[in-house]
């Protein structure tokens with residue numbers, strides 16, 4: 211104290227050097243990181259099952275941790291609830307209906323208490339026939355709703371548990387019709403969506419029982435969660451692999467209009483589900499693809515891409531776009547014509563995605579570009595002269611593997627001209643030379659070394675282009691500089707015959723006995 | 005086989021989306037509210053008694069003079085023996101020892117040297133920097149017999165009248181120390197009276213008055229204003245202010261009085277509320293500020309600075325006078341006075357900035373009024389400050405610890421800019437524009453400094469056109485002929501980048517096109533003189549920081565990364581700097597470059613940097629160590645390099661693609677760290693420890709293989725009481741390792757727990773390390789689960805004891821409050837870890853401790869001052885308790901009324917995480933209640 215004069219309270223000068231402050235900050239950060247990790251570990255242990263549930267009204271307190279003891283308790287409660295329901299269904303007369311609703315509500319509550327509902331216990335206790343009974347026509351809405359809700363959560367269980375819903379399907383489908391109230395119809399659609407999501411076999415059952423037309427009609431109104439649930443259920447229902455359902459869907463009156471309308475106007479959540487419908491339509495059915503590309507859908511997809519930041523939405527939109535480009539030559543030959551505004555728009559939004567920080571977006575956008583790059587000479591020139599190429603080149607050298615593979619497709623496609631028939635494709639020398647000069651060869655040679663057959667093939671194909679197509683016979687030298695020979699020689703005894711022949715052929719042809727003699 | 009022509013178009017893969025379960029909301033059932041009697045626990049401070057060894061009895065009292073003299077002998081042997089004897093005396097009989105010291109101090113016949121040392125030993129027997137040690141000393145003093153204490157105090161008061169200045173001075177310090185113990189406890193009520201008595205008696209010598217005033221000042225500094233009644237305050241202030249009176253007193257007395265007033269101002273709240281008294285005090289201070297003795301003027305200005313902070317709201321009527329006074333001082337007075345005059349305005353800025361920060365957005369009716377002094381004085385104040393900038397010292401750029409009038413002026417100018425914002429710009433820019441092209445370097449430097457100083461405060465809209473117009477000029481000025489100008493220019497650039505370059509939020513004065521030019525200049529100038537290079541590092545630091553999390557803009561930097569890194573490494577290799585400042589700035593900037601880079605694009609560059617840094621670290625082992633100076637240099641260099649490795653490890657282990665790079669190098673990296681540890685014998689290297697934490701996170705359970713070698717350094721770190729930061733960091737690393745190894749840490753737990761418990765019990769270890777230790781208990785328990793059982797009998801009592809200390813923590817002291825919050829949070833974390841660890845295996849172990857924990861949570865929940873993080877931890881641990889113990893605590897919970905309200909409060913919070921945790925806890929408790 212006393213020895214210091216008061217003047218010792220001297221402030222820090224505004225002009226200071228960075229070293230000490232920075233070191234202090236860095237150490238502080240390192241300590242904070244430890245604290246954060248501790249907290250997240252605690253949280254993970256506590257709330258280990260919080261996840262996306264797709265349902266807005268889930269409150270946190272239900273996310274209890276399940277212990278063995280708790281699971282046991284829940285199972286016991288469930289069995290007794292089913293017993294209760296059984297007696298309620300059997301009873302007649304005054305108050306019977308209220309009793310049924312109460313029993314259903316109790317069962318529903320148990321089935322929706324956690325993310326691991328006691329489905330097995332409910333099935334063992336014989337819930338399905340009782341629930342089917344409760345779905346009978348003329349029952350009060352409240353009862354229908356609770357019963358359908360129970361079935362929804364049972365359908366969300368393991369495959370054989372989902373299958374247990376088979377006896378309930380006809381009634382669930384019947385309740386989709388106009389006669390039912392919207393909440394009931396929506397809950398039934400939800401249950402059916404879970405069933406359809408299970409697999410091909412159950413999808414076929416649903417289709418043969420006529421689930422598609424009423425679900426499709428539910429998509430027609432303008433808003434509400436009903437439309438979203440219906441769209442989601444439909445996207446599960448038309449997954450194929452048989453394209454018939456997709457074709458059938460697009461043929462339903464008003465569906466195309468509804469799709470366009472929702473893509474144009476709906477909120478992002480609904481648009482997301484609708485975009486998934488478009489993904490499966492365009493992936494499976496050539497007919498549907500043909501119908502779609504003649505509509506405004508491309509324009510709408512591009513607009514969504516340009517304006518949305520929601521990853522959930524952007525992924526199906528990109529996939530739809532890529533599928534539409536791949537599926538129908540009409541898309542590239544008459545809609546995405548170079549020079550049209552929309553084409554520039556597409557390239558622009560794809561470039562935006564390439565610049566994004568999100569790897570999925572980068573990958574999907576590259577995939578779409580690769581499909582466009584497989585188009586006409588003009589398409590190739592358009593991409594080649596766009597902002598995309600420098601981005602792609604950078605991605606090819608720095609991005610994670612899955613993106614690089616997609617990027618390689620784009621760049622490869624840019625270098626070859628479309629051919630009418632079979633035979634060696636002709637080169638676009640200008641593109642090839644420039645891309646190689648800008649350093650893309652090492653990226654492709656890297657792919658040659660990859661364990662992924664598809665990527666390796668791509669690498670070899672591009673190497674072939676370089677060997678064959680670089681002017682002045684520069685190709686072999688360039689490949690050698692990038693350690694390409696070594697990369698190809700690894701295939702000498704490769705198990706994949708195709709690749710082995712391709713690699714060996716190239717080495718023999720361009721680096722045979724005569725190679726290097728001139729020098 | 006050729007490229008197959010038009011590559012087939014490929015269809016997108018179909019995603020299978022899983023079924024969705026619909027969850028329902030459960031009704032919230034309220035628990036009945038039982039009211040409880042307020043908690044009545046018994047808190048006790050654990051007092052630490054040292055065991056003393058009694059040596060042979062020495063009759064010291066008579067001989068103390070000669071020992072005190074011998075203890076200052078030049079002969080080390082004599083000195084050591086004397087010190088040992090004094091210590092022996094102290095240990096044998098503390099009261100008599102202190103009594104003899106005070107007698108020695110008061111005796112004018114004794115030599116000055118022995119009296120001085122007697123005073124110092126006395127002072128050190130009453131106060132210590134360390135809080136725990138201090139508490140011991142206080143207890144020790146209070147235990148002394150009252151009659152001995154009163155004799156000691158009499159001796160001390162008597163010494164104030166000694167003719168030897170040094171004795172008086174020492175005595176006044178010791179009196180203040182005793183006052184700090186006794187006055188708050190009302191054990192020395194007559195002190196103030198007897199001091200004032202010295203002042204009012206006309207016949208007392210001037211030196212007694214001077215010593216008395218000095219004592220009053222020190223006493224005021226030591227005690228709190230609540231410890232005196234208003235009458236005493238009035239009397240003290242009267243005595244002090246009268247002591248400043250020019251007519252009555254000589255310069256020594258007036259100086260002592262002015263210094264005393266500085267300390268007494270804290271007590272003058274009531275007096276400053278009274279206009280007459282305030283006018284009187286202000287007049288005396290202002291008069292004193294014009295004394296002819298420079299020291300007195302300085303002390304008076306120091307009072308004015310303190311008044312500016314403490315009584316801002318009543319200054320209005322005096323501002324005209326104060327402006328004149330400070331303005332004259334800044335222009336023409338001695339530097340020590342001028343500095344205080346500038347400080348006055350800086351303090352006014354501090355007050356106004358704080359008022360602006362806490363200003364309620366609706367209206368100004370709450371809170372103290374903002375008088376806009378700076379705004380009103382602006383047109384005269386700014387020119388005054390600008391003039392100071394031209395008073396640079398030659399070569400001040402070589403030493404940034406320097407504090408002179410130009411530094412103070414620029415600092416004040418920066419504060420003014422923060423206070424008034426845009427309004428300062430038109431007042432400063434003409435000065436900048438006219439001076440920045442003048443041939444005199446002082447003009448150019450002052451202009452640049454002025455510009456750099458006002459970059460914080462004014463709006464971006466106002467500044468960015470100026471900065472954009474001036475940027476090229478500044479870049480060119482990096483080639484100025486004068487070193488000081490370049491230094492300030494580089495600093496100004498760093499301010500521009502810090503404040504006006506934020507691509508992450510979408511704004512920057514640097515366009516993507518100009519980035520190349522900017523970097524070109526910086527990377528050239530980093531080769532300039534060391535002080536310039538060091539400022540350039542700062543500029544690069546803030547430049548790259550702008551690109552952190554900047555989305556696509558972050559890529560802008562990627563093409564330059566290699567060059568930036570190699571220039572920074574070259575700068576760090578330079579040997580022409582006088583000290584290690586440039587090197588450490590260069591490395592810290594390198595760290596920021598790595599940290600902010602876009603990992604997807606630059607991973608290969610960072611991967612290449614790794615072996616370079618490892619290699620450099622390897623080379624430090626070869627440095628020839630001859631002196632302790634060499635050892636220190638080696639340690640500093642290793643610190644910087646370990647820091648870089650820590651950042652690289654953290655960066656590369658943050659993505660799955662790049663993590664393998666660290667895993668492949670982990671063995672070698674660890675080997676290097678072990679070698680760094682090996683360079684020292686008794687301490688561990690703080691930065692290496694920190695980097696190991698990062699490595700453990702990256703390697704996960706693979707870290708196990710390093711444990712046998714590393715463990716001894718972990719032990720060493722945990723035992724390092726003196727360098728408590730090292731100990732604290734080591735505790736953190738134990739947590740990292742627990743998370744990495746999980747139960748594989750078990751073989752080391754006995755040792756670690758033993759050391760942690762010892763750390764907690766130690767009174768030597770700095771208190772800041774103790775909260776992390778409790779958190780670490782949680783980490784260990786979480787890692788080893790039920791195996792923690794054997795530590796429960798040791799750890800839990802410690803946690804309970806600490807919980808009780810929390811309840812007694814002084815709430816008036818911000819620093820202690822902060823500490824209390826840390827401690828509470830860490831205790832909760834310990835419980836959480838242990839409860840989660842035992843859950844579903846051995847919950848019974850914790851049942852006996854549940855009641856105490858619940859009481860602790862309740863106590864915390866009733867504290868409205870608690871920190872948000874404490875709330876979160878408290879809510880979480882309550883859930884953990886319910887989750888782990890289940891029906892075991894049903895009855896206890898039934899008896900608890902507080903949790904419903906507490907959870908309700910948390911569920912209303914804006915903090916999503918808190919809400920989530922509270923919801924979970926509610927669910928856990930409800931489950932217990934229905935079981």
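Protein chains in written order, with the working numbering: chain A, 211 to 729; chain B, 5 to 935.
All residues carry an ideal CB built from backbone N, CA and C; glycine is no exception.
Note that the structure is predicted; figures quoted are calculated from it, not measured.
Residue i touches chain A at which residues, Cβ-Cβ below 9 Å?
i	result
residue 252 of chain B	Under the 9 Å cutoff, chain A gives no residues; its nearest Cβ is about 24 Å from residue 252 of chain B.
residue 595 of chain B	232, 233, 236
residue 883 of chain B	256
residue 123 of chain B	In chain order: nothing, as chain A lies at least about 11 Å away.
State the beta-bridge partners of residue i as determined by DSSP.
i	result
residue 511 of chain B	B:506
residue 637 of chain A	A:626
If you run the structure through DSSP and keep just helix, strand and coil, what is residue i?
i	result
residue 780 of chain B	helix
residue 315 of chain B	coil
residue 803 of chain B	helix
residue 263 of chain A	Reliability of the predicted coordinates at residue 263 of chain A is poor, the pLDDT of 32 falling under 50, and no value is obtained from them.
residue 399 of chain B	coil
residue 339 of chain A	helix
residue 618 of chain B	helix
residue 407 of chain B	coil
residue 460 of chain B	coil
residue 532 of chain B	coil
residue 192 of chain B	coil
residue 160 of chain B	helix
residue 222 of chain B	helix
residue 332 of chain B	helix
residue 581 of chain A	helix
residue 649 of chain A	coil
residue 917 of chain B	helix
residue 190 of chain A	Any answer about residue 190 of chain A is impossible in this case: the structure gives chain A only from 211 up to 729.
residue 10 of chain B	Confidence at residue 10 of chain B is low in this model, with a pLDDT of 30, below 50, so the placement of that residue should be treated as unreliable; the coordinate-derived value is given next. The answer is coil: DSSP assigns residue 10 of chain B none of H, G, I, E or B.
residue 207 of chain B	coil
For residue i, return the contacting residues in chain B, with the cut-off set at a CB-CB distance below 7 Å.
i	result
residue 224 of chain A	414, 415, 418, 457
Looking at the secondary structure, which residues open and close the alpha helix (DSSP H) in which residue i lies?
i	result
residue 378 of chain B	377-393
residue 302 of chain A	No alpha helix (DSSP H) holds residue 302 of chain A; DSSP gives it neither H nor E.
residue 938 of chain B	With chain B running from 5 to 935 in the structure shown, residue 938 of chain B is simply not present.
residue 94 of chain B	80-96
Would you mind telling me which residues of chain A sit closer than 8 Å to residue i, beta carbon to beta carbon, in chain order?
i	result
residue 585 of chain B	227, 229
Name the chain B residues that come within less than 8 Å of residue i, Cβ to Cβ?
i	result
residue 248 of chain A	739, 743, 779, 782, 783, 833
residue 609 of chain A	604
Since residue i meets chain A, which of its residues come closer than 7 Å, beta carbon to beta carbon?
i	result
residue 555 of chain B	567
residue 541 of chain B	228
residue 736 of chain B	241, 244
residue 545 of chain B	228, 232
- Can you give, in chain order, each stretch of the beta strand (DSSP E) that sits fully within the stretch 624-683 of chain B and has at least 3 residues? Secondary structure in the stretch 624-683 of chain B: no beta strand (DSSP E) run of 3 residues or longer lies completely within the stretch.
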